[in-house]
Amino acid sequence: CTSLVAEDPEGNLIHARNLDFGLFLGWDKKNHSWVIPDKLKPLVVNVDFRRNNSTVFKSTNFAGYVGMLTGMQPNSFTLTMNERFSLDGGYIGILEWILGKRDGMWMSFLTRSVLENATSYAQAQKLLSDTKLLAPAYFILGGNQTGEASIITRSRTHNLNPLELDIKQGRWYVLETNYDHWKTPLFLDDRRTPAMKCMNQTTQANISVQTVYDVLSTKPVLNKLTTYTTLMQVSKGKLESFIRVCPNPCMPW
Amino acid sequence: SLQYVPPYTEDCRTGMYPPSGPTFGGAVTWYTVNLDLPPSKRWTELITDKKNDLIIMVQAIKDLADALVPSGRLEELIDQALPLMIDTLPYPFNEEMKGIATASGVPLGEVILFNIFYEVFTV
Chain A
2 CTSLVAEDPE GNLIHARNLD FGLFLGWDKK NHSWVIPDKL KPLVVNVDFR RNNSTVFKST
62 NFAGYVGMLT GMQPNSFTLT MNERFSLDGG YIGILEWILG KRDGMWMSFL TRSVLENATS
122 YAQAQKLLSD TKLLAPAYFI LGGNQTGEAS IITRSRTHNL NPLELDIKQG RWYVLETNYD
182 HWKTPLFLDD RRTPAMKCMN QTTQANISVQ TVYDVLSTKP VLNKLTTYTT LMQVSKGKLE
242 SFIRVCPNPC MPW
Chain B
82 SLQYVPPYTE DCRTGMYPPS GPTFGGAVTW YTVNLDLPPS KRWTELITDK KNDLIIMVQA
142 IKDLADALVP SGRLEELIDQ ALPLMIDTLP YPFNEEMKGI ATASGVPLGE VILFNIFYEV
202 FTV
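As they're listed, the protein sequences go chains A and B.
Counted the way our numbering counts, the first sequence spans residues 2 to 254.
Counted the way our numbering counts, the second sequence spans residues 82 to 204.
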């Protein structure tokens, strides 16, 4: 996955993501594609969650999955999550759960609860940073004010090295793939470098939903695991998603 | 120009929006989930539309389970053991999953596995 939040010169925030999933879960030799992403693409839906006849939040979901991986509370905040690998992983959380130690939250139920119940970027950031989890994860959070965007790197129990936008220091976007931002990505799976190269080449002056979509369409940021791309503009309350295909030659991940 | 060796890093693309051409796999349909409904009823309309695709997806996960454990024991475990944990999962998500199983005809254990796949997949 690649998630990013960028701030344009007018202070508008654009939050976008490629959802990549299904690594090593079966390869379709005939179609030169992974089995799971091919089965997930028909399940991609945009959902408007409403209460008392008004929108509470919007999301891009896989039908049948009640948790959230990509969502927006219009005019309030936007949230995506990327997978984080750690030896202290979900299987330990599941084991604890089965043994009756149930003080942690299932990742996607936390993101659903935050999108449904949090009332601000700050509150969402606190919940995502402090709630104990069953599995490690990256939460990429965008707000509705200038400078409000952060990468929350979570172990099951801690929030590690939070990274925020810092316009004055020239950090006008934050970008997360599947590696800790203070470490170099695995050279075999470095989608961070090409994505940052294209963001920097675009420059803040030209950042927009259109140019962010260009970045997320550049290989290997676009790869064989990419099922959908979502673009969110919190101040307009606008979420749009597109099913993706990566024509050969294309990286398997 | 495309680098023909991994990681096939392209020059930064431009003019890709609005989406079209070989990297565009289609638009995404909008649905409404009414949070005023009882949890078990919220996803019925959406799942009724998507149940065939969900059945195909769940079958792919079962094929994977059978590839990992050819005896079929893993699949049995999914269908028999996972439903036992449904009421340990937080409300209203547990009720929503029950509603999805009812609306799609997919066994509850397989709906649960689909929903906790993130934690399971880290294995």
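Every residue gets a Cβ at the ideal spot worked out from N, C-alpha and C, and that includes glycine.
Does the CB of residue i have a neighbour CB from chain A at under 9 Å?
{"i": "residue 200 of chain B", "result": "yes"}
{"i": "residue 158 of chain B", "result": "no"}
{"i": "residue 109 of chain B", "result": "yes"}
{"i": "residue 82 of chain B", "result": "Residue confidence is low: residue 82 of chain B scores 47 on pLDDT, short of 50, so the model does not pin down where it sits. Its coordinate-derived value is still stated next. No, residue 82 of chain B does not count as interfacial toward chain A."}
{"i": "residue 49 of chain B", "result": "With chain B covering 82 to 204 only, the question about residue 49 of chain B has no answer from this structure."}
Just mark residue i as buried or exposed, buried being the case when its beta carbon has 16 or more other beta carbons within 10 Å.
{"i": "residue 175 of chain A", "result": "buried"}
{"i": "residue 196 of chain B", "result": "buried"}
{"i": "residue 205 of chain B", "result": "In the structure displayed, chain B extends from 82 to 204; residue 205 of chain B sits before or after that span and is not available."}
{"i": "residue 168 of chain A", "result": "exposed"}
{"i": "residue 102 of chain A", "result": "exposed"}
{"i": "residue 184 of chain A", "result": "exposed"}
{"i": "residue 142 of chain B", "result": "buried"}
{"i": "residue 16 of chain A", "result": "buried"}
{"i": "residue 151 of chain A", "result": "buried"}
{"i": "residue 128 of chain B", "result": "buried"}
{"i": "residue 146 of chain A", "result": "exposed"}
{"i": "residue 123 of chain B", "result": "buried"}
{"i": "residue 38 of chain A", "result": "buried"}
Taking the alpha carbon of residue i as the point to measure from, which residue in the options has its own alpha carbon closest?
{"i": "residue 166 of chain B", "options": "A/189, A/20 and A/97", "result": "A/97"}
{"i": "residue 113 of chain B", "options": "A/58, A/151 and A/213", "result": "A/58"}
{"i": "residue 107 of chain A", "options": "A/70, A/77 and A/122", "result": "A/70"}
{"i": "residue 1 of chain A", "options": "A/115, A/138 and A/139", "result": "Past the boundaries of the shown model lies residue 1 of chain A; chain A is included only from 2 to 254, so the question cannot be answered."}
{"i": "residue 191 of chain A", "options": "A/253, A/61 and A/109", "result": "A/253"}
When the cut-off is 9 Å and only beta carbons count, does residue i lie next to chain B?
{"i": "residue 28 of chain A", "result": "no"}
{"i": "residue 80 of chain A", "result": "no"}
{"i": "residue 141 of chain A", "result": "no"}
{"i": "residue 203 of chain A", "result": "yes"}
{"i": "residue 233 of chain A", "result": "no"}
{"i": "residue 117 of chain A", "result": "yes"}
{"i": "residue 104 of chain A", "result": "no"}
{"i": "residue 84 of chain A", "result": "yes"}
{"i": "residue 211 of chain A", "result": "yes"}
{"i": "residue 108 of chain A", "result": "yes"}
List, in order along the chain, the chain A residues whose C-beta lies closer than 9 Å to that of residue i?
{"i": "residue 145 of chain B", "result": "26, 27, 36 and 37"}
Please compile the residues from chain A whose C-beta is within a distance smaller than 8 Å of the C-beta of residue i.
{"i": "residue 185 of chain B", "result": "65"}
{"i": "residue 112 of chain B", "result": "46, 47, 48 and 49"}
By Cβ distance below 7 Å, which residues in the same chain neighbour residue i in space, the five residues on each side in sequence not counted?
{"i": "residue 82 of chain B", "result": "In this predicted model, residue 82 of chain B has a pLDDT of only 47, less than 50, meaning its place in the structure is not dependable; the value taken from the coordinates is given anyway. So the qualifying residues of the chain are 92."}
{"i": "residue 197 of chain A", "result": "176"}
{"i": "residue 188 of chain B", "result": "160 and 182"}
Please return the same chain residues whose Cβ sits closer than 6 Å to the Cβ of residue i, not counting the five positions on each side in sequence.
{"i": "residue 105 of chain A", "result": "94, 133, 134 and 135"}
Residues of chain B with CB closer than 7 Å to the CB of residue i, please, in chain order.
{"i": "residue 199 of chain A", "result": "93"}
{"i": "residue 144 of chain A", "result": "The contacting residues do not exist; residue 144 of chain A stays about 23 Å from chain B at best."}
Name the chain A residues whose beta carbon is nearer than 7 Å to that of residue i?
{"i": "residue 168 of chain B", "result": "Near residue 168 of chain B there are no residues of chain A at all, since even the closest Cβ is about 12 Å away, more than 7 Å."}
{"i": "residue 90 of chain B", "result": "195, 220 and 221"}
{"i": "residue 192 of chain B", "result": "65"}
Using a C-beta to C-beta distance shorter than 9 Å, which residues of chain B count as neighbours of residue i?
{"i": "residue 242 of chain A", "result": "108 and 109"}
If you drop the 5 nearest sequence neighbours on each side, which residues of the same chain put their C-beta closer than 8 Å to that of residue i?
{"i": "residue 117 of chain A", "result": "50, 57 and 58"}
{"i": "residue 139 of chain A", "result": "4, 82, 83, 84, 85, 152, 153, 154, 155, 177 and 179"}
How would you list, in chain order, the residues of chain B whose beta-carbon sits under 8 Å from the beta-carbon of residue i?
{"i": "residue 246 of chain A", "result": "103, 104, 105 and 106"}
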